[in-house]
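Undergrad: Could you have a look at this structure, given as structure tokens, before my questions?
Spelled out as structure tokens, the structure:
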């Protein structure tokens, strides 16, 4: 132990994760064996739990990397409110967004009466309930799709997000969407509407209603995707022909 005054003492790796506070105390953040990797990012689950615990109505919390009903990995937070207190998922989500990077914000929140414990009184993570496909708690009231385009987008979102009931005012990212799910949704919507549109529009219009309105406006007079692809191939072929002719002229000059 290099920190011990006595030679030959052993330093033990406890596996605990902590940080020094400004006043010199240590803050326990969790266990090192609770670190997970999601979409290339290393995530310390204890950091998520520490931030959620700052909410005044939260009694206990457990963050976990789980498999949703579609088989995809997803961060989930299992939260137990204090007795007599009400916890709003929207407040937890906002608290996390203010304090952690976006990839550490859980896509699912599950409110429980109590966390499962082992016979020894420790948290039993394996006994936590599986994620369902119900619509999560959101600030927006549910409103069903009102036209064929909205219904098409809703159907795609339901498959990508593994959520059965999605309203036109629900935010894609509040439903558990991330960059990978966004790309899957984009490719399917692009194929469904039959034309190209910018990927960034899904960030700018993250609800079904706003996205459908945007696609309706931008689609007036737009070429179908097949024609755009044909035109792109023609331009590439013409550019290749010009390059070959230039190379031939250079060889002749030599």
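Residue numbers (the numbering used here): 9 to 262.
Virtual Cβ for every residue (Gly too), placed ideally from N, Cα, C.
None of the values given here were measured: they were computed from a predicted structure.
Quick check on the DSSP output: the alpha helix (DSSP H) that includes residue 54 runs from which residue to which?
TA: 53-60 is the extent of the alpha helix (DSSP H) around residue 54.
Undergrad: Closest to residue 160 by C-alpha separation, out of 226, 132, 253 and 199, would be which residue?
TA: 199
Undergrad: In chain order, what residues of the same chain have a beta carbon less than 8 Å from the beta carbon of residue 88, not counting five sequence neighbours either side?
TA: 66, 67, 68, 69, 119, 120, 121, 122 and 123
Undergrad: Starting from residue 159, follow its DSSP beta bridges and name the residues at the other end.
TA: Paired residue(s): none; residue 159 is not in a bridge.
Undergrad: Could you give the DSSP three-state label for residue 19: helix, strand or coil?
TA: coil
Undergrad: If we ignore side chains and look at the alpha-carbon of each, how far apart do residue 113 and residue 97 end up?
TA: 12 Å
Undergrad: Of the residues 125, 36 and 215, which one's Cα is nearest the Cα of residue 55?
TA: 36
Undergrad: According to the neighbour-count rule (16 or more other Cβ atoms, all chains shown, within 10 Å of its Cβ), is residue 174 buried or exposed?
TA: By the neighbour-count rule (16 or more Cβ atoms within 10 Å), residue 174 is buried.
Undergrad: Report the rounded CA-to-CA distance for residue 103 versus residue 61, giving the unit in angstroms.
TA: Residue 103 and residue 61: Cα-Cα distance of roughly 10 Å.
Undergrad: By the DSSP assignment, the alpha helix (DSSP H) with residue 220 in it spans what residues?
TA: 216-226
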